[in-house]
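Heads up, the final residue of the sequence shown is numbered 459 in the working numbering, and it's a clean run with no missing numbers.
A virtual CB, placed ideally from N, CA and C, is assigned to each residue, including glycine.
Heads up, the thing below is written out as structure tokens.
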Amino acid sequence: MTERNTTATGDLTRERLKSTASARWNDERSAEMWGQYADEITRHGDRRAWENAIRDAVGEEPQRVLDVGTGAGFLAGLYAEVGHDVVGCDVSEPMLERARERAARDGFEARFTTGDAEALPFDDASFDVVTNRAVIWSLPNPGLAVWEWYRVLRPGGRVVLFGNHPEDPARGVSERVVRRLYGLALRVRRGGSATGLDGRTRREWNEAKTDLPFHHAPPSKIRALFAAAGFEDTRVLDAAEAFDQWRTLGPWRERVPWHVVTERKSG
Ligand SMILES: C[S@@+](CC[C@H](N)C(=O)[O-])C[C@H]1O[C@@H](n2cnc3c(N)ncnc32)[C@H](O)[C@@H]1O
193 MTERNTTATG
203 DLTRERLKST
213 ASARWNDERS
223 AEMWGQYADE
233 ITRHGDRRAW
243 ENAIRDAVGE
253 EPQRVLDVGT
263 GAGFLAGLYA
273 EVGHDVVGCD
283 VSEPMLERAR
293 ERAARDGFEA
303 RFTTGDAEAL
313 PFDDASFDVV
323 TNRAVIWSLP
333 NPGLAVWEWY
343 RVLRPGGRVV
353 LFGNHPEDPA
363 RGVSERVVRR
373 LYGLALRVRR
383 GGSATGLDGR
393 TRREWNEAKT
403 DLPFHHAPPS
413 KIRALFAAAG
423 FEDTRVLDAA
433 EAFDQWRTLG
443 PWRERVPWHV
453 VTERKSG
């Protein structure tokens with residue numbers, strides 16, 4: 193039921209959307225940009241606030257953590273640095289290369305491996321925590337992904353989502369305007385595209401992404417998806433403190449209401 197309701201149904205077929213997304217995320221320049229972005233956040237962020245956000249979400253005991261859509265390993269690094277046993281997976285090898293480079297450079301331990309969020313290469317019940325930031329929106333079939341995350345979690349394990357999508361549609365529109373301005377500022381600063389993408393890949397992705405079922409999805413829509421897959425005990429935690437420290441990228445960032453949502457697998 194969940195899968196049928198949350199699969200891409202626009203003009204592009206699911207397969208085409210999948211291959212456009214793959215080209216978009218495997219783009220070298222885009223991976224470069226996500227590497228810089230991960231560095232900027234970790235450099236300017238407040239360590240203590242990050243650690244608190246992770247501790248509030250998963251507690252003090254070391255956990256087996258899977259960071260799905262890890263990109264350049266931004267979240268994976270934060271979990272590893274507070275003592276968790278972390279695997280980061282991604283569909284993009286260029287992103288994973290950045291993550292491995294960052295781990296070697298910054299001295300954190302995590303394993304980075306190829307894996308599709310919608311068909312994970314891991315055994316049932318092999319993680320205590322499945323986490324991610326800014327990934328659900330990008331998936332052609334988020335319903336399939338959530339079932340997969342449920343499968344690889346042990347009973348009682350948690351999904352922990354870092355997000356900043358506003359519930360209120362009016363606020364959503366104003367934040368999209370702010371993001372556009374932010375993108376423009378990055379473009380000027382970097383002397384190119386804000387996403388790192390160029391030419392055909394950018395055009396195809398811009399056209400395709402509006403067909404993604406969770407593009408600009410509010411938190412209530414995301415929570416409904418988790419509830420339908422059998423998750424329970426939803427907790428929404430405020431992560432504004434961690435993200436508010438990230439100021440130097442632009443004045444607008446402070447206005448984004450970052451939060452963490454945790455969902456427990458029954459059992
Ligand atoms: C917006 S970026 C966020 C990266 C990272 N989570 C962060 O917060 O810096 C989305 C990431 O999800 C990855 N991704 C997209 N679709 C995926 C899929 N089906 N399975 C695994 N990773 C995926 C992309 O390659 C990219 O690294």
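Handout entry: residue 225 Cβ short of 7 Å to ligand 1 heavy atom set
Key = no
Practice task
Could you tell me if residue 454 is buried or exposed, where buried requires 16 or more neighbouring beta carbons within 10 angstroms of its beta carbon?
Solution key: buried
Handout entry: Bridge partner(s) assigned by DSSP for residue 353
Key = 324 and 453
Exercise for the section: Keeping to the same chain, check which residues put their C-beta closer than 7 Å to that of residue 310; ignore five residues upstream and five downstream. Expected result: 331, 333, 336, 337 and 340
Practice task
Taking 8 Å as the cut-off, decide whether the C-beta atoms of residue 320 and residue 228 are in contact.
Solution key: no
Handout entry: Check: residue 205 C-beta below 7 Å from any heavy atom of ligand 1
Key = no
Exercise for the section: From the DSSP output, read off the bridge partner residues of residue 423. Expected result: 457
Problem - Inter-stretch contact (C-beta, 8 Å, three-pair minimum) for the segment 207 to 227 and the segment 412 to 423 - result: no
Exercise for the section: Enumerate in chain order the residues of its own chain whose CB-to-CB distance from residue 217 is below 7 Å, with the five nearest sequence positions on each side excluded. Expected result: 283, 284 and 287
Exercise for the section: Pair every Cβ in the segment 267 to 274 with every Cβ in the segment 290 to 301, then say whether three or more of these pairs are closer than 8 Å. Expected result: yes
Problem - Cβ neighbour criterion (16 or more within 10 Å) applied to residue 259 - result: buried
Exercise for the section: Considering only heavy atoms of ligand 1, list every residue whose Cβ is less than 5 Å from one of them, following chain order. Expected result: 217, 261, 263, 266, 282, 283, 284, 287, 308, 309, 325, 326, 327 and 330
Problem - Beta bridge counterpart(s) of residue 223 as assigned by DSSP - result: DSSP, once it has assigned bridges, lists no residue as partnering residue 223.
Handout entry: Per-residue DSSP class, three states only, for residue 295
Key = helix
Practice task
For my contact list, residue 406 and residue 267 are in at a C-beta cut-off of 8 Å; report their separation, rounded to the angstrom.
Solution key: That pair is no contact at about 18 Å.
Handout entry: Cβ-heavy atom distance, residue 453 to ligand 2, below 7 Å
Key = Ligands in the displayed structure: ligand 1; ligand 2 is not one of them.
Handout entry: Euclidean distance between Cα positions of residue 419 and residue 345
Key = 15 Å
Problem - Counted within 10 angstroms of its Cβ, other Cβ atoms place residue 458 as buried (16 or more) or exposed - result: exposed
Practice task
Assign residue 338 to one of three DSSP states: helix, strand, or coil.
Solution key: helix
Problem - CA nearest to the CA of residue 316, picked from 326, 325 and 343 - result: 343
Handout entry: Cα-Cα separation between residue 226 and residue 428, rounded to whole angstroms
Key = 26 Å
Problem - Closest residue to residue 235 among 224, 294 and 248 (Cα-Cα distance) - result: 294
Problem - Neighbourhood of residue 401 by C-beta distance below 6 Å, restricted to the same chain and skipping five residues each side - result: 407
Practice task
Output the distance between the C-alpha atoms of residue 222 and residue 409, rounded to the nearest integer angstrom.
Solution key: 23 Å
Practice task
Taking residue 325 and residue 456 to be in contact with their CB atoms under 8 Å, please state how far apart those CB atoms are, rounded to whole angstroms.
Solution key: Rounded, the Cβ-Cβ distance is 19 Å, inconsistent with contact.
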